Structure formats: C-alpha cells, structure tokens
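J.: I'd like to ask some things about the structure below.
Protein chains: 4
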Amino acid sequence: MTTATQTHDLTALAISCTLKPSPQASSTDLMAQQVLDQLGEHGVAGSTVRAVDLDIRPGVETDMGDGDEWPTLRRLVREADIVVLATPIWLGHLSSVAQRVLERLDAELSETDDEGRPSMFGKVAVVAVVGNEDGAHAVSAAAFQALSDIGFTVPAQGATYWVGEAMQGTDYRDLEETPEPVAGTNGMVARNAAHLARLLTASPYPAG
Amino acid sequence: MTTATQTHDLTALAISCTLKPSPQASSTDLMAQQVLDQLGEHGVAGSTVRAVDLDIRPGVETDMGDGDEWPTLRRLVREADIVVLATPIWLGHLSSVAQRVLERLDAELSETDDEGRPSMFGKVAVVAVVGNEDGAHAVSAAAFQALSDIGFTVPAQGATYWVGEAMQGTDYRDLEETPEPVAGTNGMVARNAAHLARLLTASPYPAG
Amino acid sequence: MTTATQTHDLTALAISCTLKPSPQASSTDLMAQQVLDQLGEHGVAGSTVRAVDLDIRPGVETDMGDGDEWPTLRRLVREADIVVLATPIWLGHLSSVAQRVLERLDAELSETDDEGRPSMFGKVAVVAVVGNEDGAHAVSAAAFQALSDIGFTVPAQGATYWVGEAMQGTDYRDLEETPEPVAGTNGMVARNAAHLARLLTASPYPAG
Amino acid sequence: MTTATQTHDLTALAISCTLKPSPQASSTDLMAQQVLDQLGEHGVAGSTVRAVDLDIRPGVETDMGDGDEWPTLRRLVREADIVVLATPIWLGHLSSVAQRVLERLDAELSETDDEGRPSMFGKVAVVAVVGNEDGAHAVSAAAFQALSDIGFTVPAQGATYWVGEAMQGTDYRDLEETPEPVAGTNGMVARNAAHLARLLTASPYPAG
Numbered sequence: 136m137t138t139a140t141q142t143h144d145l146t147a148l149a150i151s152c153t154l155k156p157s158p159q160a161s162s163t164d165l166m167a168q169q170v171l172d173q174l175g176e177h178g179v180a181g182s183t184v185r186a187v188d189l190d191i192r193p194g195v196e197t198d199m200g201d202g203d204e205w206p207t208l209r210r211l212v213r214e215a216d217i218v219v220l221a222t223p224i225w226l227g228h229l230s231s232v233a234q235r236v237l238e239r240l241d242a243e244l245s246e247t248d249d250e251g252r253p254s255m256f257g258k259v260a261v262v263a264v265v266g267n268e269d270g271a272h273a274v275s276a277a278a279f280q281a282l283s284d285i286g287f288t289v290p291a292q293g294a295t296y297w298v299g300e301a302m303q304g305t306d307y308r309d310l311e312e313t314p315e316p317v318a319g320t321n322g323m324v325a326r327n328a329a330h331l332a333r334l335l336t337a338s339p340y341p342a343g
Numbered sequence: 136m137t138t139a140t141q142t143h144d145l146t147a148l149a150i151s152c153t154l155k156p157s158p159q160a161s162s163t164d165l166m167a168q169q170v171l172d173q174l175g176e177h178g179v180a181g182s183t184v185r186a187v188d189l190d191i192r193p194g195v196e197t198d199m200g201d202g203d204e205w206p207t208l209r210r211l212v213r214e215a216d217i218v219v220l221a222t223p224i225w226l227g228h229l230s231s232v233a234q235r236v237l238e239r240l241d242a243e244l245s246e247t248d249d250e251g252r253p254s255m256f257g258k259v260a261v262v263a264v265v266g267n268e269d270g271a272h273a274v275s276a277a278a279f280q281a282l283s284d285i286g287f288t289v290p291a292q293g294a295t296y297w298v299g300e301a302m303q304g305t306d307y308r309d310l311e312e313t314p315e316p317v318a319g320t321n322g323m324v325a326r327n328a329a330h331l332a333r334l335l336t337a338s339p340y341p342a343g
Numbered sequence: 136m137t138t139a140t141q142t143h144d145l146t147a148l149a150i151s152c153t154l155k156p157s158p159q160a161s162s163t164d165l166m167a168q169q170v171l172d173q174l175g176e177h178g179v180a181g182s183t184v185r186a187v188d189l190d191i192r193p194g195v196e197t198d199m200g201d202g203d204e205w206p207t208l209r210r211l212v213r214e215a216d217i218v219v220l221a222t223p224i225w226l227g228h229l230s231s232v233a234q235r236v237l238e239r240l241d242a243e244l245s246e247t248d249d250e251g252r253p254s255m256f257g258k259v260a261v262v263a264v265v266g267n268e269d270g271a272h273a274v275s276a277a278a279f280q281a282l283s284d285i286g287f288t289v290p291a292q293g294a295t296y297w298v299g300e301a302m303q304g305t306d307y308r309d310l311e312e313t314p315e316p317v318a319g320t321n322g323m324v325a326r327n328a329a330h331l332a333r334l335l336t337a338s339p340y341p342a343g
Numbered sequence: 136m137t138t139a140t141q142t143h144d145l146t147a148l149a150i151s152c153t154l155k156p157s158p159q160a161s162s163t164d165l166m167a168q169q170v171l172d173q174l175g176e177h178g179v180a181g182s183t184v185r186a187v188d189l190d191i192r193p194g195v196e197t198d199m200g201d202g203d204e205w206p207t208l209r210r211l212v213r214e215a216d217i218v219v220l221a222t223p224i225w226l227g228h229l230s231s232v233a234q235r236v237l238e239r240l241d242a243e244l245s246e247t248d249d250e251g252r253p254s255m256f257g258k259v260a261v262v263a264v265v266g267n268e269d270g271a272h273a274v275s276a277a278a279f280q281a282l283s284d285i286g287f288t289v290p291a292q293g294a295t296y297w298v299g300e301a302m303q304g305t306d307y308r309d310l311e312e313t314p315e316p317v318a319g320t321n322g323m324v325a326r327n328a329a330h331l332a333r334l335l336t337a338s339p340y341p342a343g
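See below:
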C-alpha cells in the first residue's frame, strides 16, 4: 500500500485520446486517471496529457515542422516507463486522435540506440478504453498490435475498459460508481504494468 | 404483416455458429430465430442449421472427403437468397465454428458461373452476434469483410447484436425480454436484407 | 463500354485519406483515381477530395463550428451515390484521417428523412486500400463495419487493395504498372458498385 | 550462440494451427520451427504440436469429455514458459484451429493459484503468422488481445510473419530462402521472448 513516504521510482504517462478538447468533461480522462491512481499505489508517478489539446500534425516523422506539437508529447513519452493509451470508442474503433498518436509513434522504430534497439524497447504499454456500448476488445486488439510493433511490452491482462449494454447511451463518467469488476481490473492492470516495467528497467532487452 | 397467404418468394438460411451441440439451449440460436422471424414478415422463408452439429472438416475445398459434412450445409447455402451468419463472441472474436464456415465458403470464390461470377454473387449476408459482454463490432467487422470477399452483399446496417455491460455474465437467452433497440434492429436488418435480396434476384450483378 | 456520349446517371465521391497534404504525390490518390476511372466506364461521374487538405475538426456533430471544414465534405458525400473510402495503412490500421471521416459520418445516423431513414441509406460504399505491406483486410473489415453501421450498402467484393510482400517498402505509385489482379479487382469493384447504386437509387430501402 | 553444452532453462511450445493434418507440408509449421530454432539460441528448448491432429472439441471448459484431446495439449501449454501461437491466415483471419485453441485457453482464466493468479500469468506468448497475401497484422491484433486477456505477456515486437504481395498465391514453404527481414524478425522475437520469460520466471507477477 502507498504511504506518504513511498518512493516513486517509475513514471507513467497517460495519453487521453478523447475527441473533446479541455476543459470539457471526458470519460476517457476519468478512466486514465483511475489507472494512474492505481499505478500510484505501486510506486509509479503519473501524469495525463489530452492529445487533442495539442496540434499533432498528420505524418509519420518525429517532427512534421510548421507548428507541429507532437515533439512536446513525444518528449513525455520518451521519459515515461509506462504508457497508458486511453481512448474512447467511435464506430467500434479507437479514436482518430489515438490513431494519430500511434502514427506518430511509428517513427520511433527508426530511432535506435547505439546497439540498434528501437527507442520504445523497455517501455510497458497498457490500454484503457471507454465507450457507450461495445468495441473495447476491438480497440484493445488494434492498440496491442500497434504498440507491440512499435516496441512496447504488454503485460498480462494489459487492458481495462468499460462499455454499457448494447445500443445504450450512458457515459462512464455518469455512472454513480465505478463497477467493481472495472475497479478490480484497473488495479490488476496497474499492478502488472508496474511489475513488468520494474523488471525491464532493471534488465533491458538485449541487443541483437 | 405476415398472413397465412403471404407468398414467400425468397429464402434465408441462418447458420448458427454456437459452440454448443443440439439440444443445448443457445443464445445464438435465439437471435438467429428472431432475425428469421422478422424476415418472415418480409416474404422470406427461413430455416436454421446449427453448424456444430455437423462434422465440418478443416480445409478450404468444397468437399474434404472422408465423412466431411460441409457439402450438406453448402447445398443449403447455395439454395438460399439470404445468409444470416449468427455467432457467439469468444475472446472478442467470432467463434471457431463461424471461422470454419467462412473457411469452407472461401472455396466458392473459385466456383464461378458461365460468365465468371463467383457462386455467392447475388446473395445477401447479414450478421447476428451475441455475447455476455463486448465484441460485437469486432465480430461484425471480421464477418462483413470475409463475406464481402466471398461475394455476398451487405445491406445498410447489416448487423444485429446483443452484449451486456462490460465484464458481466448474463446470457441473451436469459433476458426477461428482448431489449427494444435490439428488436428494432432485428426488424431493420431483416427489412433491408429482404429488399436488397429481392433487387439482386431480379437484377443480378453483370459479368465482367 | 463507355462512349463519348455515355450518360453519367450516378456520381461517386472518392475520399482520399492519405496523411499527405496536396500537392504531395499519394499512392492512395492514385488508387482512388483508378477506381473512379473504372466507375466512369459504368456511367458514374467521379471526383476526389483529399480529406487532409480540409480542417476537419474532432467531434461527432455534423458541424463542430469554429472553422470546421467538415460541412464542405459532408455536402459532397450527401450528393454522391457512391462513396469510395480510400485510405493508406498505418500500423496495420486505417489512417487517422479516415477514422476522422468515419467519426464525422457517425452523425448521419441521427439525420433521418421523413420516414426515419438515416441519410446514408441508399448510398453504396466501397473501400480502396494501399500500403507498403500487409493490413488491407484489417482496414477493409474496420471500414465495412463502420460504413454499414452508418447506413451504406457494401457490394459483393467491395474492396480493392495493394500491398507489397511482408516487411518491404515499395509504394504503390512507384510500381512500373498496376498489377493485373489489382486492375481486375478495381474493375469488378466499380462494376458491382455501379450496379448496386443504380438498383438502390431506383428502389430505395423501405421505411420501417 | 548455442553450443552443445548450453543449458536450456526454459521451454517453448509452438502450437501450429494449420488446417492441414500431418504429414502434409505446412508453411505454418515451417515458420513455427524457425522461431523455435531461434529460441534454441537463447536457452529455450522447444517442441511443436499441430493442433489439427488432435480432436479438440468445441467448448470453453478445460475438458469437454467424450474423447476430447484438448487436455493433452493443455498439459503441454501449462508446462511451457513460452507459447508460440503459429497460424495461417484464412479470409484475413486467424484459422478456425487457432480460434479453437484460444477458446479452450479461455478456461484458464478461472484456473487460479492459491493467490488468485490465473494459470497463464507469467508465461510469454508470441505470434507467428503466414499467408499467401495480407492479413498478418489483423491476425496479430486478434491474437495479442486474446492472449493478453488470458494472462500471457507479449514482448516488444512479439510477432513475426510472412505474406506475399497482394492477390498472389505463393506459399512460404516454397520460397527459395527465408527473406532476410523475416529471418531478422524471427531472431528478435525469440530474443525478446526468452529475455522476458526469464525475467517473469525469476520474478512472478505479484498477487493482488
């Protein structure tokens, strides 16, 4: 359990990929914060960025120039040990903002260290998904595949999510309380991510 | 509304891809039957086959020999104007039984008429998906893509589905009543499928 | 076959979802144009919009205000009988620009006619996908599901695509010539889309 | 590099999900073996099972009774530190045999140790995919999501694959030699999987 004197030896960055600019209320932000809170219980200091608040240009370079604000977010990603990709579901898919973030992370494959390892090797990624109804598994699938391709490691049960019953319209942030299975999953995702990130920080993947 | 004297000028085959052999109760069968009932309102005579009751061999030929019972189901597919692919969700995916059916239908691409059109051209496909929680959009996506590839036409809003809230365990067949939006969607899917099948029966796709 | 005097009774809009702003060369634009050329052979007048050239704001309303240029593209979509969703593959997914277009089209579900039919009912959608390697089926799946949900009808074999061998880097626009199976598929997709759009224009889906 | 005296402190099980029963030649088996060979370089002793050779019954229990041969494969999975899920692509999806394996592994979620951890926690999974053309990313996505849900950990760049150019028909096993990028990926997948499995064997995920 966390105490006032707990050392935070790891950092997590939650990238909230809601379509809504600040300061609008966002269920995605709420879920991201809940995961960060749980990570805090395991020695991980966390912060959230709402990607839509930045002008992230289309493209697949590390810097698209001309006012592109991806470099700001990129720096935060590179400093984090754990990335929480938090996204709403639209049309059954991860949001256009989340896909934009993944496209920009694609450039990291070419950013290798002296021994040829891509820059994201050693970082852990988990996924947090919210929607009115259905789609969380499809979003997790797309996200896990992209994040693994980019070089992140995905822990056991690396996704948390909430969606309502089919064809209904309640938002996560309007629930009276967090459903118990979701709270339990948030805790497990955080526990597993922190454990795995600590292992990979101490013992990085070997070079080829 | 249907009456005793209504002419059924089209036929529909629902392929239930539940993992449960007859006579076990199946939510997938229930949903398939509900869609067939709605198709009955639009002049379509329907029947259901539970694919797991047949010994459908792995492979991608029209007949894998040696006791393969796909040819029985294949004959019914070829006679139908509309196919209702009804499947449960397991691990967020369409069932192994549904994938087996799609694999066997793959052979139809090579079964062309005198003018080179694959044997499924002109048939309409819709999808009916049930699960405890989440996954219906992912299953629809995989199914629509495979069915379109094979040569089926997919109507506007060609899927109906039910899943419960995230991480819960109720079965569709244990609901006290069919949720109103699901019933409405069942009706629309059937109405659109019947309309489209009638158009394509009267005016087949031209040859190349 | 087309002749100088052929009547174009239908219109198609290709939405190119490349990440590259004009006037950069785009393989996605090339594939879109090839499909439009084939549609021209079947009485369909076509035009292309490169979505990234417009400032399409994040959101799910028909107009997000404040300089949002989606309404311009929306008007063109509403006028078209056939929509060609053309997208590159990034990280195995449809582009962030394509997902943005789908998110904005989601609002059309609530835009119903006097008889309750969503505004896209009666329109046909096909998909054109290009990438260096792999991902076309995943993109088609995601696109077909979203487009069918929104109300489009998907013809038999409603996707064309090109990708190279696994893990290679050639662009479609740098091929010396269009591979014969791709050219053949372009033709079939166009032929089927034109046929289906003509049927649905003459005989719209009935109201509920 | 491996030597005759190298200790193998870990074990890997490759589950080949080809549709072809032994002794038919299988590209999936070939890719699985290539990954196992690479794992052998990193102290991992490997073996392959062709799932279609067993009578794995439909269902989601650990033993479906009545001749079900899943328990044989299940025992091998439980003994392995690393699972290589090797599958062909059919219709753009993982094979019906692979989905059957995933469905049966779903039961492991309820098989927990004294501290409540599912039986697959601590095991590493990687994916090997082969097809004539396209679909590897979609298969990886579906596999990663299911495997993570079940409790496996997915290493950085946890998938290897080969597919040919769009709409062509060469098989992987008929290539004159393994393409260099595929061989390199096989090596990296193995290196990362072995490293991660060694870490998780020494330091298991904590209980909740």
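Residue numbers (my numbering), protein chains in the order written: chain A, 136 to 343; chain B, 136 to 343; chain C, 136 to 343; chain D, 136 to 343. For glycine and all other residues, C-beta sits at the position ideal for the given N, C-alpha and C. Small disclaimer: the values here were computed from a predicted structure and weren't measured.
(1) Spatial neighbours of C:G293 within its chain, please: CB distance less than 6 Å, with the 5 preceding and 5 following residues excluded, ordered by chain position.
(2) Of all Cβ atoms in chain C, is any one closer than 8 Å to the Cβ of D:H143?
(3) Threshold first: 3 residues or longer. Then list the beta strand (DSSP E) segments lying entirely within the region 238 to 301 of chain A, N to C.
(4) Using a cut-off of 8 Å between C-beta atoms, extract the partners of A:E214 located in chain B.
(5) List in chain order: all unbroken alpha helix (DSSP H) runs of 4+ residues lying wholly within the region 189 to 248 of chain B.
(6) Hey, quick one: how far does the alpha helix (DSSP H) through B:V317 stretch, first residue to last?
(7) Per DSSP, what kind of secondary structure is C:A160 in: helix, strand or coil?
(8) Please list, in chain order, the chain D residues whose beta carbon lies closer than 9 Å to that of B:H177.
(9) What first and last residue would you give for the beta strand (DSSP E) that runs through C:R185?
(10) Is there a Cβ from chain A that is less than 8 Å from the Cβ of D:M166?
(11) Looking at the secondary structure, which residues open and close the beta strand (DSSP E) in which A:A149 lies?
(12) Is there a Cβ of chain C sitting closer than 8 Å to that of B:L334, yes or no?
(13) Mind listing which residues of the region 306 to 329 of chain C have their C-beta closer than 8 Å to chain D's C-betas, in chain order?
(14) Would you mind sorting C:T207 into buried or exposed? The rule is 16 or more other CB atoms within 10 Å of its CB.
(15) Consider the Cβ of A:W225: report whether some Cβ of chain C lies at a distance smaller than 8 Å.
(16) Of all the options C:A278, C:N267, C:S283, which has the alpha carbon lying nearest to the alpha carbon of C:G304?
(17) Between the region 282 to 301 of chain B and chain A, which residues of the former have CB atoms less than 7 Å from a CB of the latter, in chain order?
(18) Using only alpha-carbon positions, find the residue among D:R192, D:R333, D:D248, D:D203 that is nearest to D:A147.
(19) On the criterion of 16 or more Cβ atoms from any shown chain inside 10 Å, does A:D164 qualify as buried, or is it exposed?
(20) Should B:V232 be flagged as near chain D, meaning a C-beta pair shorter than 8 Å?
(21) Nearest CA to the CA of A:T142: which residue from A:Q173, A:A149, A:Q159, A:H177?
(22) Which residues of the region 254 to 285 of chain C have a Cβ closer than 7 Å to any Cβ of chain B? Give them in chain order.
(23) Using a C-beta to C-beta distance shorter than 8 Å, which residues of chain C count as neighbours of A:D241?
(24) Could you check which residue in B:P339, B:A149, B:Q173, B:F287 has the C-alpha nearest to that of B:A318?
(25) Please list the partners that B:P206 has in chain D, where partner means a Cβ-to-Cβ separation under 7 Å.
(26) Quick one, are the C-beta atoms of B:M255 and B:F287 less than 8 Å apart?
(27) If the cut is a Cβ gap below 9 Å, which residues of chain A does D:L331 touch?
(28) Can you list, in chain order, the residues of the region 177 to 197 of chain A whose Cβ is nearer than 8 Å to any Cβ on chain C?
(29) Is B:E363 close to chain D? Criterion is C-beta to C-beta, closer than 8 Å.
(30) With a threshold of 8 Å between beta carbons, is B:L174 in contact with chain D?
(31) Is the region 219 to 235 of chain A touching the region 232 to 242 of chain C in the sense that three or more CB pairs, one from each, lie closer than 8 Å?
(32) Going along the chain, which residues of its own chain have a beta-carbon closer than 7 Å to the beta-carbon of B:M302, five neighbours each way excluded?
(33) Say whether chain A places a C-beta atom closer than 8 Å to the C-beta of D:A139.
(34) Please compile the residues from chain C whose C-beta is within a distance smaller than 7 Å of the C-beta of B:A343.
(35) Using alpha carbons as the reference points, say which of C:R213, C:A276, C:L226 lies closest to C:G257.
T.: Straight from the coordinates:
(1) Numbered from its first residue, the third sequence carries residue 293 of chain C at position 158. Once the five neighbours on either side are set aside, the close Cβ partners of C:G293 are V261.
(2) Translated into the one-based positions of the fourth sequence, residue 143 of chain D becomes position 8. With 8 Å as the cut-off, D:H143 does not count as an interface residue toward chain C.
(3) Fully contained in the region 238 to 301 of chain A are the following beta strand (DSSP E) runs of length 3 or more, in chain order: 259 to 268, 294 to 299.
(4) For the purposes of this step, residue 214 of chain A is identified with residue 79 of the first sequence, where counting begins at 1. Simply none; closest approach about 32 Å.
(5) 205 to 214, 231 to 240
(6) What you label residue 317 of chain B is simply residue 182 of the second sequence in a count that begins at 1. Per DSSP, B:V317 belongs to the alpha helix (DSSP H) from 315 to 337.
(7) Against the third sequence, residue 160 of chain C aligns to sequence position 25. Coil.
(8) Here the question's residue 177 of chain B lines up with position 42 in the second sequence. Going along chain D, no residue has its Cβ under 9 Å from B:H177, so there is no contact; the nearest lies around 29 Å.
(9) Position 50 of the third sequence holds residue 185 of chain C. Segment 179 to 185, the beta strand (DSSP E) holding C:R185.
(10) Within the fourth sequence, numbered from 1, the residue matching residue 166 of chain D stands at position 31. Cβ-Cβ to chain A under 8 Å: no for D:M166.
(11) Within the first sequence, numbered from 1, the residue matching residue 149 of chain A stands at position 14. Start and end: 145 to 151.
(12) Here the question's residue 334 of chain B lines up with position 199 in the second sequence. Taking Cβ atoms only, chain C reaches closer than 8 Å to B:L334, which makes this a yes.
(13) Listed by position, the residues of the region 306 to 329 of chain C near chain D (Cβ gap below 8 Å) are P314, P316, V317, T320.
(14) Start at 1 with the first residue of the third sequence, and residue 207 of chain C comes out as number 72. C:T207 is classed as exposed because its beta carbon has fewer than 16 other beta carbons within 10 Å across all chains shown.
(15) One-based indexing of the first sequence puts residue 225 of chain A at position 90. Against chain C, the CB of A:W225 has a partner CB under 8 Å away; the residue lies at that interface.
(16) Position 169 of the third sequence, counted from the first residue, corresponds to residue 304 of chain C. With distances taken between Cα atoms, C:G304 lies closest to C:N267.
(17) Y296, W297, V298, G299, E300, A301
(18) Counting from 1 along the fourth sequence, the entry for residue 147 of chain D is found at position 12. The option with the nearest alpha carbon to D:A147 is D:R333.
(19) As a position in the first sequence, residue 164 of chain A is number 29, starting the count at 1. A:D164 counts as buried, since no fewer than 16 other beta carbons sit within 10 angstroms of its beta carbon.
(20) Counting from 1 along the second sequence, the entry for residue 232 of chain B is found at position 97. Yes - at least one Cβ of chain D is within 8 Å of the one on B:V232.
(21) The sequence position of residue 142 of chain A within the first sequence is 7, counting from 1. Looking at the Cα atoms, A:H177 is the closest of the given residues.
(22) F256, H272, S275, A276, A277, F279, Q280, S283, D284
(23) The residue you call residue 241 of chain A lines up with position 106 of the first sequence. By Cβ distance, chain C contributes W225, L226.
(24) Locating residue 318 of chain B in the second sequence gives position 183, where the first residue counts as 1. Of B:P339, B:A149, B:Q173, B:F287, the residue nearest in Cα terms is B:Q173.
(25) Here residue 206 of chain B refers to the residue found at position 71 when the second sequence is read from its first residue. Per Cβ cutoff of 7 Å: no residues; B:P206 is ~17 Å from chain D at best.
(26) To locate residue 255 of chain B, count along the second sequence from 1; it is residue 120. To locate residue 287 of chain B, count along the second sequence from 1; it is residue 152. Contact: yes.
(27) Along the fourth sequence, read from residue 1 onward, the residue named residue 331 of chain D stands at position 196. What D:L331 touches in chain A: T288, L331, L334, L335, Y340.
(28) V187, P193, G194, V195
(29) Beyond the ends of chain B as shown, which are 136 and 343, falls residue 363 of chain B; an answer cannot be given.
(30) Along the second sequence, one-based indexing puts residue 174 of chain B at 39. By this cut-off, B:L174 is not an interface position.
(31) A contact between stretches requires three or more CB pairs, one per stretch, nearer than 8 Å, and the region 232 to 242 of chain C meets this requirement with the region 219 to 235 of chain A.
(32) In the second sequence, counting from the first residue as 1, residue 302 of chain B sits at position 167. Hits under 7 Å: E268.
(33) As a first step, residue 139 of chain D must be located in the fourth sequence, where it is residue number 4. No answer about D:A139 holds up, because its pLDDT of 47 lies below 50 and its placement is not dependable.
(34) Counting from 1 along the second sequence, the entry for residue 343 of chain B is found at position 208. According to the sequence displayed, residue 343 of chain B carries Gly and not Ala. Chain C residues near B:G343: G322, M323, R326.
(35) As a first step, residue 257 of chain C is located in the third sequence; it is residue number 122 there, counting from the start. Measuring from the Cα of C:G257, the nearest candidate turns out to be C:R213.
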